[in-house]
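Position one of the sequence shown corresponds to residue 1 (UniProt numbering), numbered consecutively onward.
Some notes on the structure that comes next.
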Amino acid sequence: MNRPIGVMDSGVGGLTVAKEIMRQLPDESIVYFGDLDRCPYGSRSMEEVRRFTLQVADHLVSRGIKMLVVACNTATAAALHILEKRYDIPVIGVINPGARSAIQSSSNQDVIVLATEGTVASGAYPKAIHQISHRFKIQSTACPKFVPLVEELRYKDKVVVRIVLHQTLKHLADTRADTVILGCTHYPLLADEIKDYFYGRKKVIDSGYETAREVSAMLTMLKGHASPQSNPEHLMIVNGETGRFEYILKDWMPFIEYRLEQVELKEE
């Protein structure tokens with residue numbers, strides 16, 4: 001089945017998921033949608049995020065995708081249950097794969113979730129983890145300064161990153177938690193600094209890797225993999241200004257060939 005996989009995010013963060021899908025499934029084509037004009041989603045109301053998510057998802061489905069990956073934790077928390085019923089294609093979010101990986105990784109059943117304000121307020125990660133095991137202690141922390149670090153291209157400024165990390169994470173430095181979930185797909189661009197901040201004593205879970213594994217497993221189950229003779233083509237769709245998107249795309253994924261398309265989505 002040589003139709004593309006659709007991947008959506010509020011901005012550039014979902015590229016961390018798209019990159020991992022491309023690595024694990026090199027024959028698959030990707031259509032990525034970054035809603036940069038309305039990024040970030042994390043500080044918006046759940047109702048607003050839900051509207052934006054449905055609009056972007058409808059756009060991707062209209063492009064003939066065979067699977068939708070909601071590569072945004074806030075959008076997953078707000079709308080995954082609606083999207084699963086809305087379409088006749090598989091829909092995968094990033095929260096359940098990350099939650100399952102944390103359960104597998106933690107030795108002492110004590111987990112930290114770093115996420116946007118919206119994802120923390122939704123309680124999505126504690127719900128997902130406690131559906132599997134009620135023994136886990138989960139401490140969620142909103143990190144509202146993390147997404148702007150990435151979207152404003154400051155994630156390579158080590159001094160600024162260290163200052164922001166200390167301001168946000170200092171109350172977590174001495175906790176007994178042994179596992180940290182990066183509960184926003186922007187955060188893997190800060191993953192090395194986050195690991196260093198905790199002196200390597202806490203395992204850091206990147207939901208992008210786990211989500212790509214779930215995509216692969218779903219395609220195997222549905223016999224939906226692209227044929228080995230396929231020539232993958234990647235389309236990047238941006239709602240908004242494309243300059244910083246392309247900068248991060250080329251910095252983070254210099255190996256890919258892609259077409260870039262700018263669209264204008266307005267609230268209906």
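Glycine included, C-beta positions come from ideal geometry on N, C-alpha and C.
- Straight-line spacing of the CA atoms in residue 225 and residue 173 works out to 43 Å.
- Counting along the chain, residue 127 sits inside the alpha helix (DSSP H) bounded by residues 124 to 132.
- Residue 254 counts as exposed, since fewer than 16 other beta carbons sit within 10 angstroms of its beta carbon.
- Scanning its chain for C-beta atoms nearer than 6 Å, with the 5 sequence neighbours on each side dropped, one finds around residue 154 the residues 160, in chain order.
- In this chain, the alpha helix (DSSP H) harbouring residue 196 covers 191 to 197.
- In the three-state reduction of the DSSP assignment, residue 187 falls in the helix class.
- Here residue 217 is exposed: its Cβ has fewer than 16 other Cβ atoms, across all protein chains shown, within 10 Å.
- Under the DSSP assignment, residue 102 falls in the alpha helix (DSSP H) whose first and last residues are 95 to 105.
- By the Cβ-count criterion, residue 133 is exposed, with fewer than 16 other Cβ atoms from all chains shown falling within 10 Å of its own Cβ.
- Residue nearest to residue 38 within the set 10, 59, 212 is 10 (criterion: CA-CA distance).
- Cβ-Cβ distances below 8 Å link residue 65 to 3, 4, 5, 6, 31, 89 in the same chain, with the five nearest sequence neighbours on each side left out; the list follows chain order.
- For residue 52, the enclosing alpha helix (DSSP H) starts and ends at 46 to 61.
- Contact annotation: residue 215 and residue 239 have beta-carbon atoms that are not nearer than 7 Å.
- Counting along the chain, residue 6 sits inside the beta strand (DSSP E) bounded by residues 5 to 9.
- Restricted to the stretch 177 to 263, the beta strand (DSSP E) segments that are unbroken, complete and at least 3 residues in length are 179 to 183, 203 to 206, 234 to 239, 258 to 263, listed in chain order.
- For residue 229, the closest of 26, 13, 118, 18 by C-alpha to C-alpha distance is 26.
- Distance between residue 121 and residue 80, taken at the CA atoms: about 16 Å.
- Taken atom to atom, the span from the alpha-carbon of residue 237 to that of residue 249 is near 12 Å.
- For residue 139, the uninterrupted beta strand (DSSP E) segment begins and ends at 137 to 142.
- Looking at the DSSP output, residue 33 shares a beta bridge with 8, 237.
- The residue among 75, 138, 213 with its C-alpha nearest the C-alpha of residue 40 is 75.
- By the Cβ neighbour-count rule, residue 222 is exposed, with fewer than 16 other Cβ atoms within 10 Å of its own.
- In the three-state reduction of the DSSP assignment, residue 75 falls in the helix class.
- Here the alpha carbon of residue 36 sits roughly 35 Å from the alpha carbon of residue 175.
- Secondary structure at residue 115: strand, using DSSP grouped into helix, strand and coil.
- Out of 206, 28, 8, the CA that lies nearest to the CA of residue 231 is found in 28.
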